[in-house]
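Here is the structure we will look at.
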Amino acid sequence: MEIDSDLKVATISVGEFARFSPFTQRNDPLGFGNWRAAAGQQWHKEIQNRADSEGFSNEQSIKGDVEWRGWTLRLNGRIDQIRSQKDRTHLREIKTVTTPLPLRPEEVSSRFKSYCIQLLTYRELLNRIEAQPTGSVDLDLFLIELGSGITQSLLLDERFDTLVVDQLDVLADYLDRKLERLSRLRALRFKPAYETPRPGQETIQEDLNQAFERSPIGCLEAPTGYGKTGVAWEFALNRLATGQVERIVYLTSKSTGQIEAAERLDALLTDQSAASYWQIRNKAEHCVNVEFRCSTKTCSYLSDLEEKWGRSALEPMFLSTAKPISIDVLKETSAAAGICPYETMRTALGYRDIWIGDYNYLFSANSSRLLADQPDFDPARTFLIIDEAHNLPSRIESNLSKELSALSLNGLIEELSEIGAGHKIHKSLTNLVNECLAYRKGDVLTLRQLDDLTDLLLELINMLSTDPLPYESITPEALDTLWSLSSGSTALKESASRYIAWIPQNGLIRITCIDPSQEIRETLTQFKECLMLSATFQPIDGFLEQCGLADQLTPPQQVAPPAQWLEGAYNIAIDTRIDTRFKSRKNGEALTAATIAKLAERHSPIVVFFPSYAYAQSLYEAIAIDYPFYRIAMQSRGKGESLSSRAEFIDEAMRFHDIIFLTLGSSFAEGIDMIGGKIDAAIVVSPALPEVNAIQQAKRDYYQSKKLDGFERAYLQPGIQKVNQALGRLVRAPGQKVKVLLHCQRYAERRTKSLLADQYQNCQYIFKDEDLERWIEEEPILKT
Numbered sequence: 000m001e002i003d004s005d006l007k008v009a010t011i012s013v014g015e016f017a018r019f020s021p022f023t024q025r026n027d028p029l030g031f032g033n034w035r036a037a038a039g040q041q042w043h044k045e046i047q048n049r050a051d052s053e054g055f056s057n058e059q060s061i062k063g064d065v066e067w068r069g070w071t072l073r074l075n076g077r078i079d080q081i082r083s084q085k086d087r088t089h090l091r092e093i094k095t096v097t098t099p100l101p102l103r104p105e106e107v108s109s110r111f112k113s114y115c116i117q118l119l120t121y122r123e124l125l126n127r128i129e130a131q132p133t134g135s136v137d138l139d140l141f142l143i144e145l146g147s148g149i150t151q152s153l154l155l156d157e158r159f160d161t162l163v164v165d166q167l168d169v170l171a172d173y174l175d176r177k178l179e180r181l182s183r184l185r186a187l188r189f190k191p192a193y194e195t196p197r198p199g200q201e202t203i204q205e206d207l208n209q210a211f212e213r214s215p216i217g218c219l220e221a222p223t224g225y226g227k228t229g230v231a232w233e234f235a236l237n238r239l240a241t242g243q244v245e246r247i248v249y250l251t252s253k254s255t256g257q258i259e260a261a262e263r264l265d266a267l268l269t270d271q272s273a274a275s276y277w278q279i280r281n282k283a284e285h286c287v288n289v290e291f292r293c294s295t296k297t298c299s300y301l302s303d304l305e306e307k308w309g310r311s312a313l314e315p316m317f318l319s320t321a322k323p324i325s326i327d328v329l330k331e332t333s334a335a336a337g338i339c340p341y342e343t344m345r346t347a348l349g350y351r352d353i354w355i356g357d358y359n360y361l362f363s364a365n366s367s368r369l370l371a372d373q374p375d376f377d378p379a380r381t382f383l384i385i386d387e388a389h390n391l392p393s394r395i396e397s398n399l400s401k402e403l404s405a406l407s408l409n410g411l412i413e414e415l416s417e418i419g420a421g422h423k424i425h426k427s428l429t430n431l432v433n434e435c436l437a438y439r440k441g442d443v444l445t446l447r448q449l450d451d452l453t454d455l456l457l458e459l460i461n462m463l464s465t466d467p468l469p470y471e472s473i474t475p476e477a478l479d480t481l482w483s484l485s486s487g488s489t490a491l492k493e494s495a496s497r498y499i500a501w502i503p504q505n506g507l508i509r510i511t512c513i514d515p516s517q518e519i520r521e522t523l524t525q526f527k528e529c530l531m532l533s534a535t536f537q538p539i540d541g542f543l544e545q546c547g548l549a550d551q552l553t554p555p556q557q558v559a560p561p562a563q564w565l566e567g568a569y570n571i572a573i574d575t576r577i578d579t580r581f582k583s584r585k586n587g588e589a590l591t592a593a594t595i596a597k598l599a600e601r602h603s604p605i606v607v608f609f610p611s612y613a614y615a616q617s618l619y620e621a622i623a624i625d626y627p628f629y630r631i632a633m634q635s636r637g638k639g640e641s642l643s644s645r646a647e648f649i650d651e652a653m654r655f656h657d658i659i660f661l662t663l664g665s666s667f668a669e670g671i672d673m674i675g676g677k678i679d680a681a682i683v684v685s686p687a688l689p690e691v692n693a694i695q696q697a698k699r700d701y702y703q704s705k706k707l708d709g710f711e712r713a714y715l716q717p718g719i720q721k722v723n724q725a726l727g728r729l730v731r732a733p734g735q736k737v738k739v740l741l742h743c744q745r746y747a748e749r750r751t752k753s754l755l756a757d758q759y760q761n762c763q764y765i766f767k768d769e770d771l772e773r774w775i776e777e778e779p780i781l782k783t
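Shown next, in the form of structure tokens:
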């Protein structure tokens with residue numbers, strides 16, 4: 000549906016109009032595609048082949064305008080069959096159903112209301128186009144039971160007439176609310192992000208305006224502590240208030256980032272701001288059942304939604320509140336109405352001006368339908384903000400990757416056999432199992448082998464699309480396996496060079512995307528405008544290449560405001576005494592331990608960043624033996640995802656420990672702002688280059704084939720980006736200073752050092768122990 004609010008015109012197909020509801024609906028799953036559509040087409044063809052003998056014409060296009068309550072509804076559709084005889088016209092709509100036939104008329108209007116509305120709408124258009132009286136048009140809903148071929152022809156009489164009137168009112172109500180929402184936004188008032196601009200923010204709003212005059216995509220690069228989130232909200236809210244966009248979507252890669260973004264937005268909005276927002280949470284967080292099973296057959300909160308929406312009192316809750324409803328209140332209120340809280344959230348989104356969520360809601364096939372299915376979501380009228388945008392390429396790589404496990408496939412074969420799956424599906428799955436078992440750990444498939452594997456996947460998908468399965472009888476685990484097999488296989492066939500298939504263990508094929516640029520570009524360029532935020536785009540050309548934006552006709556504009564308060568804030572030294580490559584680490588362990596102890600002796604507490612948890616554990620043990628009097632706090636593996644747990648860890652570590660071990664790239668290293676200005680010194684052990692494996696080597700070769708520096712793109716850029724991110728957390732405000740020792744001779748190499756952020760470029764070099772001692776003692780730094 001396309002809505003022109005200024006002209007009060009809505010363009011919509013007849014089918015979409017007939018199905019329209021402001022509330023979410025859940026249909027029983029029909030499998031992976033098109034088996035029902037294919038069967039329906041066969042029945043359609045059989046009925047239409049008899050058209051001449053019955054005097055019908057097939058597939059007649061129709062379009063016209065319906066004026067309703069001040070709106071012009073521009074409708075278009077295709078009538079299955081039409082017959083004109085003297086002063087009467089007969090319209091027939093052919094529909095296949097799984098419900099046993101025959102049905103009573105009242106059952107048809109209840110179960111298949113949209114089919115009835117579709118026919119009634121065609122009559123309305125004929126009345127307007129050809130001035131045919133209502134009484135001269137016969138409406139024939141021709142139902143075909145999918146499995147048996149039993150048919151039922153139902154002539155719609157005056158009992159059905161109110162359906163189309165009610166549907167017109169439903170759509171008009173929705174359009175009126177949209178008009179009210181946009182009118183309300185014209186009165187939007189909000190506070191500036193900062194009453195007194197921080198250093199470097201003095202002209203940032205105008206700088207962004209100029210950037211977006213040149214390109215619909217902008218990249219705001221500013222150091223941690225600059226206030227990028229607040230600046231972005233202020234700019235986007237101004238776009239919303241002036242009518243340049245109709246909605247804002249703010250996406251980030253971590254749930255804690257979403258919470259922080261919502262809090263920052265809330266600080267800008269006044270109580271009378273007229274803008275409403277919602278933070279999107281996943282299905283599991285909304286579930287009110289003891290066990291999370293999202294199925295219309297197993298969850299009563301998903302059944303009969305249309306009827307429940309009609310008698311619920313939830314809609315006023317959406318309209319009367321500008322801020323998100325707490326998850327607990329949402330669950331309690333929705334459950335009391337017998338409606339799944341997640342479905343309530345899906346409906347509530349349509350009433351909100353601003354959506355805050357995870358990257359997945361645009362870039363994951365599993366989750367993107369949440370936004371795409373919103374009837375009034377138009378990217379071309381939406382301002383998109385991507386926070387922590389440097390994480391976007393790697394995150395989308397992960398979304399586009401998949402695994403094939405012989406164990407899971409065998410389990411799927413057994414389950415499908417029990418529910419009567421056909422021999423062809425069994426054979427197709429068996430072929431995939433054999434393919435998984437044909438390789439050994441460490442193997443990398445050639446492009447030819449990957450192409451053969453893709454053909455097997457597409458063969459299975461085709462069977463799932465044409466042979467019906469009782470999907471409601473399949474366990475969620477098996478459905479996940481089927482979805483994984485089908486998702487992205489067409490893209491894999493068309494762009495095999497952007498993937499690598501390898502064997503991490505016997506019986507398991509991992510298909511990893513090494514270039515997500517096409518998917519990122521196709522998604523971002525749909526939006527009216529997109530602002531990407533990061534402290535570490537550097538090098539910007541590499542980032543744009545990864546996002547598929549390097550060759551745009553209007554290239555993205557980079558805005559990098561000055562951060563003069565960072566000048567002199569970092570006292571950087573490169574320790575050339577040691578090589579921390581994996582093969583040399585053990586030999587240099589004693590030197591690393593001694594260096595950490597030496598710096599902690601003068602500046603405790605200090606932070607030490609490691610490229611991996613295993614490396615940190617090894618040094619933890621070495622220091623515990625040689626320097627047992629130092630108290631070390633070490634980040635736990637896989638913990639600290641919540642903001643509160645990270646804050647608790649850092650607070651305790653700062654108060655009761657001398658040394659804090661963190662892992663580069665983790666939520667601790669990239670998401671902790673609590674240590675800014677509280678740490679005098681830090682060590683980064685190793686440049687954190689990714690381990691040499693099949694994936695990174697494939698990336699290296701891939702970029703090399705594109706005449707780019709493959710080693711830099713595959714290894715150096717992701718490693719040094721983690722270093723830049725971590726160091727940016729150490730200084731967050733004017734007056735803060737810190738000493739940083741880059742502990743590896745590789746930092747001194749030209750192309751490695753060139754990737755460090757500008758504020759880390761001016762550095763000293765440590766060649767011997769005396770140099771280290773002199774650097775540690777010089778210019779004592781006071782906390783601010």
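Numbering (numbering that gives the first Met the number 0), first residue to last: 0 to 783. All C-beta atoms, glycine included, are put in the ideal place defined by N, C-alpha and C.
Alpha-carbon to alpha-carbon, residue j and residue i
i	j	result
Arg-497	Leu-428	25 Å
Ala-273	Leu-383	20 Å
Gln-634	Lys-738	21 Å
Lys-597	Gly-676	21 Å
Phe-291	Ile-2	37 Å
Glu-772	Glu-600	11 Å
Arg-630	Arg-750	36 Å
Gln-117	Trp-232	43 Å
Lys-253	Glu-259	10 Å
Ala-477	Glu-413	10 Å
Leu-444	Ile-499	7 Å
Arg-185	Met-344	25 Å
Phe-189	Gln-735	31 Å
Tyr-714	Tyr-360	29 Å
Cβ distance (whole Å) where residue i is taken to contact residue j below 8 Å
i	j	result
Leu-457	Ser-488	6 Å
Asn-761	Thr-535	Not quite, the Cβ-Cβ distance comes to about 18 Å (not below 8 Å), so this is no contact.
Leu-155	Leu-100	Incorrect: roughly 16 Å between the Cβ atoms, too far for contact.
Of the residues the options, the one placed nearest residue i, counting alpha carbons only
i	options	result
Tyr-225	Arg-197, Ala-231, Ile-247 and Leu-239	Arg-197
Leu-391	Thr-161, Asp-514, Glu-1 and Ala-559	Asp-514
Ala-312	Ser-302, Asp-327 and Gly-337	Gly-337
His-425	Arg-439, Tyr-438, Ala-437 and Gly-410	Gly-410
Glu-194	Gly-229, Asp-168, Ser-214 and Thr-161	Gly-229
Cys-512	Glu-66, Ile-577 and Arg-394	Arg-394
Gln-517	Leu-532, Phe-542, Thr-535 and Gly-547	Gly-547
Ala-405	Asp-372, Gln-504, Cys-435 and Ile-539	Cys-435
Ile-304	Ala-334, Met-316 and Ile-279	What sits at residue 304 in the sequence shown is Leu, not Ile. The shortest C-alpha separation from Leu-304 is found at Ala-334.
Gly-541	Glu-620, Gly-709 and Phe-581	Gly-709
Ala-687	Val-607, Glu-331 and Thr-88	Val-607
Buried or exposed (CB count within 10 angstroms, at least 16 for buried), residue i
i	result
Lys-767	exposed
Ala-568	buried
Pro-132	exposed
His-422	exposed
Ser-486	buried
Gln-209	exposed
Asn-786	The question about residue 786 has no answer, for the chain in this structure spans 0 to 783.
Ile-817	Limits of the chain in this structure are 0 at one end and 783 at the other, which puts residue 817 out of reach.
Leu-552	exposed
Ser-279	Correcting the residue identity first, residue 279 is Ile in this sequence and not Ser. Classification of Ile-279: buried, given that the 10 Å Cβ count is 16 or more.
Val-328	exposed
Gln-84	exposed
Ile-624	exposed
Distance cut-off 8 Å: residue i Cβ against heavy atoms of the ligand MG
i	result
Tyr-225	The ligand MG is not among the ligands present in this structure, which contains no ligands whatsoever.
Quick test of the definition: if touching needs 3 or more C-beta pairs under 8 Å, does the segment 128 to 148 touch the segment 204 to 215? no
Just checking, does the segment 40 to 60 make contact with the segment 77 to 96 on the three C-beta pairs under 8 Å criterion? yes
Does the segment 214 to 223 come close enough to the segment 159 to 167 that 3 or more CB-CB pairs lie under 8 Å? no
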